[in-house]
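Asker: Once you've had a glance at the structure underneath, I'll fire off some questions.
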Amino acid sequence: MTPPDGGNGAVRSFVFTTAGADDPLGAWRTVLDLLFECVPPPRSAAISFNASLVVHHFGTFLLCRSNASGGRYHRSRHKLAGDDLDHIVVSCLLSGGIALGHPAVKRLRPGDVSIVDLSAPLAFAVTNADVLHLVLPKWALPASIAAEQPASPRILLGGSAMGIFVRGMLEALAAAARHFAGGEVVALSGAVPELLASCLGAMAPVSPAGGRASLGQRLRRHIEENLPRDDLTPASIARELGVSRTQLYRHFDKVGGVNTYIRRRRLRRGLAALCDPRHADRRIGEIAYDAGFADEAHFSRLFRQRFGMSPREARASARTGSHPGVSPASPAGPSLSDWLLALISG
Numbered sequence: 001m002t003p004p005d006g007g008n009g010a011v012r013s014f015v016f017t018t019a020g021a022d023d024p025l026g027a028w029r030t031v032l033d034l035l036f037e038c039v040p041p042p043r044s045a046a047i048s049f050n051a052s053l054v055v056h057h058f059g060t061f062l063l064c065r066s067n068a069s070g071g072r073y074h075r076s077r078h079k080l081a082g083d084d085l086d087h088i089v090v091s092c093l094l095s096g097g098i099a100l101g102h103p104a105v106k107r108l109r110p111g112d113v114s115i116v117d118l119s120a121p122l123a124f125a126v127t128n129a130d131v132l133h134l135v136l137p138k139w140a141l142p143a144s145i146a147a148e149q150p151a152s153p154r155i156l157l158g159g160s161a162m163g164i165f166v167r168g169m170l171e172a173l174a175a176a177a178r179h180f181a182g183g184e185v186v187a188l189s190g191a192v193p194e195l196l197a198s199c200l201g202a203m204a205p206v207s208p209a210g211g212r213a214s215l216g217q218r219l220r221r222h223i224e225e226n227l228p229r230d231d232l233t234p235a236s237i238a239r240e241l242g243v244s245r246t247q248l249y250r251h252f253d254k255v256g257g258v259n260t261y262i263r264r265r266r267l268r269r270g271l272a273a274l275c276d277p278r279h280a281d282r283r284i285g286e287i288a289y290d291a292g293f294a295d296e297a298h299f300s301r302l303f304r305q306r307f308g309m310s311p312r313e314a315r316a317s318a319r320t321g322s323h324p325g326v327s328p329a330s331p332a333g334p335s336l337s338d339w340l341l342a343l344i345s346g
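Heads up, the final residue of the sequence shown is numbered 346 in our numbering, and it's a clean run with no missing numbers.
Structure follows, in structure tokens:
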């Protein structure tokens, strides 16, 4: 995986291609291993298989462009049990074909937009498909749009108003991805999920009973909806969700603990507000309080440690779009798996 050529913006990116690989299909399956189980195409198609992937990291979401000559892909219940992916994927088919679902199949035509939930079982097949994808964690969308329960796929027809609009948004982001300044990236990291929420509407649960979200999904949603509370603690989370502290601590162990996760989410929320022109007249202390900090000085100190500048400097640089440092840190990578997991780790 290599950085793409051209552009000097703040969005981190990488490119993967099977060109030159001894085992193109094997290389492609390795890249997608966290996401899907890949069923090899017929032998004749496997010999000529080719694929590529471009990924841009916008802090709170990934923008990807994939090209694959074929293959069948699925997220079985066994796969779901082995990971904790809690993402919504909005995809626009630019050319080629996608058959979504099994055994009931919905065939996408160029221009159509699909919305799928990675916490639900999924199956699809592609034929010479060129696709734009926007991947974001569920907690970035309101619970009324993306509830914690697994949701069924949806399709926006390419000729519909929302289909046309969402495709245009994804294409515009892809065209400008390598040129955004840091402040613009942070502003988009908050604005794009809000805009998508307005376009997509509520997603229907997989079954009438709605299924049950994983523990990780329920924990992240609960924390996100309660960040401003001054009594949001490991004890209150365990009590209100009916889980043991051992379960709670184990889940967040890889990201430094429960309190570290909460602090990172509060800092990201504060950063998004500081860089949002709609909040330009709000006092920094007010933004800190709304993000869950009781003390502005404490917020400013942690903010500088996390982002390398003061809240005031971040706000000023966002207004001018001149300082790449306000772009939220993304993993050292690049790795699609690492970037996907980072979206839900705070």
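Cβ atoms here follow ideal geometry from the backbone N, Cα and C, with glycine treated the same way.
For LEU271 versus VAL186, is the C-beta spacing smaller than 8 angstroms?
Answerer: Going by C-beta atoms, LEU271 is nearer than 8 angstroms to VAL186.
Asker: Any idea if GLU184 is buried or exposed, counting beta-carbon neighbours within 10 angstroms, 16 or more meaning buried?
Answerer: buried
Asker: Taking the DSSP output, what are the residues bridged to PHE37?
Answerer: According to the sequence provided, residue 37 is Glu. The question's Phe does not apply to it. BP columns for GLU37 point to HIS74.
Asker: Provide the residue(s) that pair with VAL131 in DSSP beta bridges, ordered along the chain.
Answerer: According to the DSSP secondary-structure assignment, VAL131 is paired through a beta bridge with SER66, LEU93.
Asker: State the CB to CB distance for the pair PRO153 and SER114, rounded to an integer number of angstroms; the pair is presumed to be in contact (CB under 8 angstroms).
Answerer: 6 angstroms
Asker: Alpha carbons only, please: which of SER214, HIS279, ARG250, ASN259 is nearest the one belonging to SER236?
Answerer: ASN259
Asker: Name the residue from VAL55, LEU35, ALA316, LEU108 whose alpha carbon lies nearest to the alpha carbon of HIS74.
Answerer: LEU35
Asker: Helix, strand or coil: which one does DSSP assign to ALA51?
Answerer: Strand at ALA51.
Asker: Suppose you measure from the CA of ILE88 to the CA of SER310; what does that come to, to the nearest Å?
Answerer: 32 angstroms
Asker: Given a cut-off of 8 angstroms on the beta-carbon distance, is the pair VAL39 and SER13 in contact?
Answerer: no
Asker: Closest to GLU194 by C-alpha separation, out of VAL243, GLY242, ALA140, would be which residue?
Answerer: When each option's Cα is compared against that of GLU194, the closest is ALA140.
Asker: Sorted by chain position, which residues of the same chain lie with C-beta nearer than 8 angstroms to LEU32's C-beta, five sequence neighbours on each side aside?
Answerer: CYS38, TYR73, LEU336
Asker: Return helix, strand or coil for PRO311, following the three-state DSSP convention.
Answerer: helix
Asker: Taking DSSP as the reference, what is the three-state secondary structure of ASN344?
Answerer: Note on identity: in this sequence residue 344 is Ile, with Asn being the wrong assignment. Looking at ILE344 - three-state DSSP - the assignment turns out to be coil, as it is neither helix nor strand.
Asker: Provide the residue span of the alpha helix (DSSP H) that contains SER236, from first to last.
Answerer: 234 to 241
Asker: Taking 8 angstroms as the cut-off, decide whether the C-beta atoms of ILE344 and ARG264 are in contact.
Answerer: no
Asker: Taking the straight line between their C-alpha atoms, what separation do you get for ALA191 and GLY26?
Answerer: 37 angstroms
Asker: Please state the DSSP three-state secondary structure of PHE14.
Answerer: strand
Asker: Taking only beta-carbon atoms, is SER152 less than 8 angstroms away from chain D?
Answerer: Reference to chain D is not applicable here, since this structure consists of a single protein chain.
Asker: What residue range does the beta strand (DSSP E) around SER160 cover?
Answerer: No beta strand (DSSP E) holds SER160; DSSP gives it neither H nor E.
Asker: Please return the same chain residues whose Cβ sits closer than 7 angstroms to the Cβ of ALA99, not counting the five positions on each side in sequence.
Answerer: VAL105, ARG107, PHE124, ALA125
Asker: On the CB-based measure, 16 or more other CB atoms within 10 Å of its CB, does HIS298 come out buried or exposed?
Answerer: By the neighbour-count rule (16 or more Cβ atoms within 10 Å), HIS298 is not buried but exposed.
Asker: Looking at the secondary structure, which residues open and close the alpha helix (DSSP H) in which ARG250 lies?
Answerer: 245 to 251
Asker: Can you tell me whether GLN247 is buried or exposed? The criterion is at least 16 other CB atoms within 10 Å of its CB, across all chains shown.
Answerer: exposed
Asker: Name the one or two DSSP bridge partners that LEU100 has.
Answerer: LYS106, PHE124
Asker: Quick one: what does DSSP say LEU352 is sitting in, helix, strand or coil?
Answerer: A question about residue 352 goes unanswered here, because the residues of the chain that appear run from 1 up to 346.
Asker: Distance, Cα to Cα, LEU232 vs TYR249?
Answerer: As the crow flies, the alpha-carbon of LEU232 is around 15 angstroms from that of TYR249.
Asker: Report the rounded CA-to-CA distance for ASP117 versus ALA147, giving the unit in angstroms.
Answerer: 10 angstroms
Asker: So, helix, strand or coil for HIS57, using DSSP?
Answerer: strand
Asker: List the whole-angstrom C-beta distance separating LEU122 from LEU170, where the pair is believed to meet the contact cut-off of C-beta under 8 angstroms.
Answerer: Actually they do not touch by this definition, with Cβ atoms about 20 angstroms apart.
Asker: Going by C-alpha to C-alpha distance, which of ARG245, ALA174, PRO234 sits closest to HIS57?
Answerer: Measuring from the Cα of HIS57, the nearest candidate turns out to be ALA174.
Asker: Cβ-heavy atom distance between VAL185 and the ligand GDP below 7 angstroms?
Answerer: Ligands in the displayed structure: none, and consequently the ligand GDP is not present.
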